[in-house]
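Numbering (our numbering), first residue to last: 881 to 1355. Just so you know, even glycine gets a beta-carbon here, dropped at the ideal spot from N, CA and C. Only a predicted model underlies this, so the values are computations on that prediction, with no experimental measurement involved. Heads up: the structure comes next, in structure tokens.
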């Protein structure tokens, strides 16, 4: 029976966020041994395990470690070495015929600008050249030569929001099984066109012009003999690393030249449409005015500079300040502010409080906004983190002790909030929140607010990135 070692290590690193991501954050979501395989039912590993489970007499899965932390600042060396060490310890104890790793692809650590590449290089050194390694990566992976050189099979998400993670795991499992049987001999190739893309318009796989690249990638897999996987990756523009930007990785059967030609073709296609990916987005004031004048409320406004899913703190006040300044009669917003949440909770339900909320993590996210409102609900500390619901006229604020992203409505609903009943809701995300705020209910306004995830590239100082690269340089 063949044995496949399974592990996962995920972090999307925003190098412009000065707050490091430490070991304690990863320890909140770490699973070891068999638990590393039986984790998130909607993740890549679950899809991988499902396919392998259909061949139980042929293959055994060996769980090592699976750890993840929400996007944030640079990963500390202690955090990286802790998780990587558990993976290497498992590899040293067992004899694996293959390795499958579920990674993100955009991890940066204190010592390594290419976290996943470093990890894969170490794993390759440990298992040797004859052991196949399969990898699944996020759509926003920063693909690098080091990653691709040390992986035999690379599958990248194709959906945004990332609803296809189990499918990518299934895909990797099928190809790894075929490799172990000797049916294929996968090789990988990388293309890196000089292109940064960022705003969540025109870059979704289902939207033009990015749709052209994904359609051609699927066509290659269907019609080009020898092409096993053709995977565009959009990169993560909130990173100042040499390989920042888009990339394409193609996995082919035996033929390295074929893999490279197909990767180059897709990379050229992405670059040919470079001017169409970048669009002007309204600032906070204009975004609120657009939402106010929308003929199809409710409206979900993306807080582009405070996208929690891109590694920001979640306490930006630009949109809240405009909502209050423009006298919006009914709106909903969440703010990460442990101090304000505690003060409101301590005052108790029914109390009227005056608080300076948000804008405390960094000058880009301020200044704090002074509000006076009635505390209408307080979270149960035995069931969840500290949170207080504050009614400021027609504006409902959730003051949270942890940063709460907009991709689910679990927390607002637990606090009695139904966003669809408000004229507008502030969503501290890019566009993945459309699952929770569906288009058959909401209309959308995307905004260019200030912050570590801003779509305004002048916000950032890039020092390490390769040059020239569009749109930092005219090409």
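* Using CA coordinates, which residue listed in 967, 978, 958, 982 is at the minimum distance from residue 990? -> Counting from one through the chain shown, the residue named residue 990 turns up at place 110. Of 967, 978, 958, 982, the residue nearest in Cα terms is 958.
* **Opening and closing residue of the beta strand (DSSP E) in which residue 943 lies** => Position 63 of the chain shown, counted from the first residue, corresponds to residue 943. Its beta strand (DSSP E) spans residues 939-948.
* Pull up the CB-CB distance for residue 1270 and residue 1284, whole angstroms please, since I reckon it's below 8 Å. => Sequence index remark: in the chain shown, residue 1270 carries index 390 (1-based). Sequence index remark: in the chain shown, residue 1284 carries index 404 (1-based). Rounded, the Cβ-Cβ distance is 15 Å, inconsistent with contact.
* Helix, strand or coil at residue 1255 according to DSSP, with G and I counted as helix -> For the purposes of this step, residue 1255 is identified with residue 375 of the chain shown, where counting begins at 1. Residue state, collapsed to three classes: strand.
* Could you give the DSSP three-state label for residue 931: helix, strand or coil? => Residue 931 sits at position 51 when you count from the first residue of the chain shown. The answer is helix: DSSP assigns residue 931 an H, G or I state.
* residue 1135 lies in the alpha helix (DSSP H); which residues open and close that run? -> Counting from 1 along the chain shown, the entry for residue 1135 is found at position 255. Here residue 1135 belongs to no alpha helix (DSSP H), and DSSP marks it neither H nor E.
* Bridge partners - residue 1271, DSSP secondary structure assignment -> Counted from its first residue, the chain shown places residue 1271 at position 391. Residue 1271 is bridged by DSSP to 1254, 1276.
* To do: Could you pull the start and end residues of the alpha helix (DSSP H) that residue 1311 belongs to?
  => The count along the chain shown starts at 1 and reaches residue 1311 at position 431. Premise fails: residue 1311 is in no alpha helix (DSSP H) and is neither H nor E.
* Asked: Can you round the beta-carbon distance between residue 1330 and residue 1244 to whole angstroms, since I take them to be within the 8 Å contact cut?
  -> Locating residue 1330 in the chain shown gives position 450, where the first residue counts as 1. Locating residue 1244 in the chain shown gives position 364, where the first residue counts as 1. With 8 Å as the limit, residue 1330 and residue 1244 qualify as a contact, their Cβ atoms being about 5 Å apart.
* **Residue closest to residue 922, alpha-carbon to alpha-carbon, out of 1048, 889, 891** => Translated into positions along the chain shown, residue 922 becomes position 42. Considering only alpha carbons, the answer is 1048.
* Could you tell me which uninterrupted alpha helix (DSSP H) segments, each at least 4 residues in length, are contained entirely in the stretch 1008-1095, listed from first to last along the chain? => Under the rule that a run must span 4 or more residues, the alpha helix (DSSP H) segments found entirely inside the stretch 1008-1095 read 1025-1029, 1045-1060.
* Rounded separation between residue 1064 and residue 1167 - CA only -> The sequence position of residue 1064 within the chain shown is 184, counting from 1. The sequence position of residue 1167 within the chain shown is 287, counting from 1. If you draw a straight line from the Cα of residue 1064 to the Cα of residue 1167, it is about 52 Å long.
* Give the secondary structure of residue 1299 by DSSP, where H, G and I count as helix, E and B as strand, and everything else as coil. => One-based indexing of the chain shown puts residue 1299 at position 419. Three-state DSSP puts residue 1299 in a helix.
* Consult DSSP for residue 1327 and reduce its assignment to one of helix, strand or coil. => Residue numbering aside, residue 1327 sits at position 447 when the chain shown is read from its first letter. Residue 1327 falls in the strand class under three-state DSSP.
* **Among 1071, 961, 966, 1015, the one whose alpha carbon lies nearest that of residue 925** => The residue labelled residue 925 in the question sits at position 45 within the chain shown. With distances taken between Cα atoms, residue 925 lies closest to 1015.
* Apply the 10 Å Cβ neighbour rule to residue 876 and answer buried if 16 or more other Cβ atoms are within range, or exposed otherwise. => Past the boundaries of the shown model lies residue 876; the chain is included only from 881 to 1355, so the question cannot be answered.
* Distance between residue 1149 and residue 903 (C-alpha atoms, nearest Å) -> Stepping through the chain shown from its first residue, residue 903 is reached at position 23. Stepping through the chain shown from its first residue, residue 1149 is reached at position 269. If you take the alpha carbons of residue 903 and residue 1149, they lie about 40 Å apart.
* To do: Please look up how many angstroms separate the CB atoms of residue 1337 and residue 1352, rounded, as I've assumed it's under 8 Å.
  => Position 457 of the chain shown, counting from 1, holds the residue named residue 1337. Position 472 of the chain shown, counting from 1, holds the residue named residue 1352. Under the criterion of beta carbons closer than 8 Å, residue 1337 and residue 1352 qualify as touching, at roughly 7 Å.
* Asked: Is the distance from the Cβ of residue 1117 to the Cβ of residue 1076 below 8 Å?
  -> Residue numbering aside, residue 1117 sits at position 237 when the chain shown is read from its first letter. Residue numbering aside, residue 1076 sits at position 196 when the chain shown is read from its first letter. In contact: residue 1117 and residue 1076 (Cβ atoms closer than 8 Å).
* Asked: By Cβ distance below 7 Å, which residues in the same chain neighbour residue 1335 in space, the five residues on each side in sequence not counted?
  -> Position 455 of the chain shown, counting from 1, holds the residue named residue 1335. Hits under 7 Å: 1078, 1079, 1161, 1184, 1328.
* Which residues in the same chain have their Cβ closer than 6 Å to the Cβ of residue 1250, if we skip the five residues on either side of it in sequence? -> For the purposes of this step, residue 1250 is taken as residue 370 along the chain shown, with counting starting at 1. Once the five neighbours on either side are set aside, the close Cβ partners of residue 1250 are 1236.
* Answer with yes or no whether the minimum CB distance from residue 1226 to chain C is below 8 Å. => You won't find chain C in this structure, because it holds only one protein chain.
* Between residue 1204 and residue 1275, is the Cβ-Cβ spacing less than 8 Å? -> Here residue 1204 is taken as the residue at index 324 of the chain shown, counted from 1. Here residue 1275 is taken as the residue at index 395 of the chain shown, counted from 1. Yes.
* Asked: Which residue comes first and which comes last in the beta strand (DSSP E) that contains residue 982?
  -> For this step, residue 982 is matched to residue 102 along the chain shown. For residue 982, the enclosing beta strand (DSSP E) covers residues 978-983.
* To do: Would you check if the distance between the CB atom of residue 1131 and the CB atom of residue 1146 is smaller than 8 Å?
  => Indexing the chain shown from 1 puts residue 1131 at position 251. Indexing the chain shown from 1 puts residue 1146 at position 266. The Cβ atoms of residue 1131 and residue 1146 do not sit closer than 8 Å to each other.
* For residue 1002, which residues of its own chain have a beta-carbon under 8 Å away from its beta-carbon, when the five flanking residues on both sides are left out? -> Taking the chain shown and counting its residues from 1, one reaches residue 1002 at position 122. Excluding five sequence positions before and after residue 1002, the CB atoms of its chain that fall closer than 8 Å to its own CB belong to 964, 968, given in chain order.
* Taking C-beta to C-beta, are residue 1115 and residue 1126 nearer than 8 Å? -> Taking the chain shown and counting its residues from 1, the one referred to as residue 1115 is at position 235. Taking the chain shown and counting its residues from 1, the one referred to as residue 1126 is at position 246. One thing to note: residue 1115 has its Cβ within 8 Å of the Cβ of residue 1126.
* Asked: Out of curiosity, what's the CA-to-CA distance linking residue 1348 and residue 1124?
  -> For the purposes of this step, residue 1348 is identified with residue 468 of the chain shown, where counting begins at 1. For the purposes of this step, residue 1124 is identified with residue 244 of the chain shown, where counting begins at 1. Roughly 12 Å between the two C-alpha positions.
* Asked: Would you call the stretch 993-1013 and the stretch 1023-1039 touching, i.e. three or more CB-CB distances under 8 Å?
  -> Contact between the stretch 993-1013 and the stretch 1023-1039 is present, because at least three Cβ pairs lie under 8 Å.
* Terminal residues of the continuous beta strand (DSSP E) containing residue 887? -> Within the chain shown, residue 887 is the residue found at index 7, counting from 1. That run of the beta strand (DSSP E) goes 882-890.
* Residue from 1129, 1322, 1121, 913 whose Cα sits closest to the Cα of residue 1341 -> Here residue 1341 is taken as the residue at index 461 of the chain shown, counted from 1. It is 1121 whose Cα lies nearest to the Cα of residue 1341.
* **4 or more residues per run - each alpha helix (DSSP H) lying fully within the stretch 1180-1241** => The alpha helix (DSSP H) runs lying completely inside the stretch 1180-1241 and spanning 4 residues or more are 1198-1205, 1218-1227, given in chain order.
* Asked: Can you tell me the Cα-Cα spacing of residue 1287 and residue 1214, whole angstroms?
  -> Counted from its first residue, the chain shown places residue 1287 at position 407. Counted from its first residue, the chain shown places residue 1214 at position 334. If you take the alpha carbons of residue 1287 and residue 1214, they lie about 13 Å apart.
* To do: Count the other CB atoms, across all protein chains shown, that sit within 10 Å of the CB of residue 928; report buried if there are 16 or more and exposed otherwise.
  => On the chain shown, residue 928 is found 48 positions in, with the first residue counted as 1. Buried, since its Cβ has 16 or more Cβ neighbours within 10 Å.
* **Inter-residue Cα distance where the pair is residue 932 and residue 1321** => Stepping through the chain shown from its first residue, residue 932 is reached at position 52. Stepping through the chain shown from its first residue, residue 1321 is reached at position 441. Going by the C-alpha atoms only, they are around 39 Å apart.
* Return the CA-CA distance between residue 949 and residue 1201, expressed in angstroms with no decimal places. => The residue given as residue 949 occupies position 69 in the chain shown. The residue given as residue 1201 occupies position 321 in the chain shown. If you take the alpha carbons of residue 949 and residue 1201, they lie about 30 Å apart.
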